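Q:
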Amino acid sequence: MAPKMYALRMEDQQGTSSYSVKAKGVSLTSKNSEAISFNTMKETVKDFISEGISEPLVAKMMTFKRGDNALDGLWTCVTDKRVNPKMDKGHYDIHGVVTPFGQLPTNTLLIDDYPFYDQ
Numbered sequence: 002m003a004p005k006m007y008a009l010r011m012e013d014q015q016g017t018s019s020y021s022v023k024a025k026g027v028s029l030t031s032k033n034s035e036a037i038s039f040n041t042m043k044e045t046v047k048d049f050i051s052e053g054i055s056e057p058l059v060a061k062m063m064t065f066k067r068g069d070n071a072l073d074g075l076w077t078c079v080t081d082k083r084v085n086p087k088m089d090k091g092h093y094d095i096h097g098v099v100t101p102f103g104q105l106p107t108n109t110l111l112i113d114d115y116p117f118y119d120q
């Protein structure tokens, strides 16, 4: 979905599923776990692959703020954290498989014309 963000479904031998969701920068409280879950991440990525765009997942995030003066107090603010899929590693096909940027097709003939290589 994004760097350092994933959702994993694990199934044991009895067929019972368990889920693991990690989201960098998001505390997965009970409220945020409703917005960012395995199913919501899966649907968001499916929408992104099929349509090229998706609605962001929104979670609440607490941040610390300090005033301009060094002696100003420190307080917490609740802000929205928007989570979108990113395509910074390559191109996604319709099955969700990533082909890295710059990867050549397997049948490409390469010419060994590097002038500074001693053979």
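Position one of the sequence shown corresponds to residue 2 (this note's numbering), numbered consecutively onward.
The beta-carbon is built from N, C-alpha and C at its ideal position, and this holds for glycine as well.
Only a predicted model underlies this, so the values are computations on that prediction, with no experimental measurement involved.
1) Examine the Cβ distances between the region 80-98 and the region 41-61 and report whether three or more of them are shorter than 8 Å.
2) Taking its Cβ as the centre, do 16 or more other Cβ atoms sit within 10 Å of I112, making it buried, or is it exposed?
3) Can you check which of these residues, L58, K32 and H92, is closest to T100 by C-alpha distance?
4) Using a 10 Å radius around the Cβ and a threshold of 16 neighbouring Cβ atoms, would you call N33 buried or exposed?
5) Is the beta carbon of F39 closer than 8 Å to that of V59?
6) Can you tell me the Cα-Cα spacing of Q15 and L9, whole angstroms?
7) If we count the other Cβ atoms within 10 Å of its Cβ and call it buried at 16 or more, is M2 buried or exposed?
8) Return helix, strand or coil for M2, following the three-state DSSP convention.
A: Straight from the coordinates:
1) As far as the Cβ criterion goes, the region 80-98 touches the region 41-61, which means the pair count is three or higher.
2) By the neighbour-count rule (16 or more Cβ atoms within 10 Å), I112 is not buried but exposed.
3) Per the Cα distances, H92.
4) Buried: at least 16 other Cβ atoms inside 10 Å.
5) No, the Cβ-Cβ distance between V59 and F39 is not below 8 Å.
6) Taken atom to atom, the span from the alpha-carbon of Q15 to that of L9 is near 18 Å.
7) With 16 or more Cβ atoms within 10 Å of its Cβ, M2 is classed as buried.
8) If DSSP states are grouped into helix, strand and coil, M2 belongs with coil.
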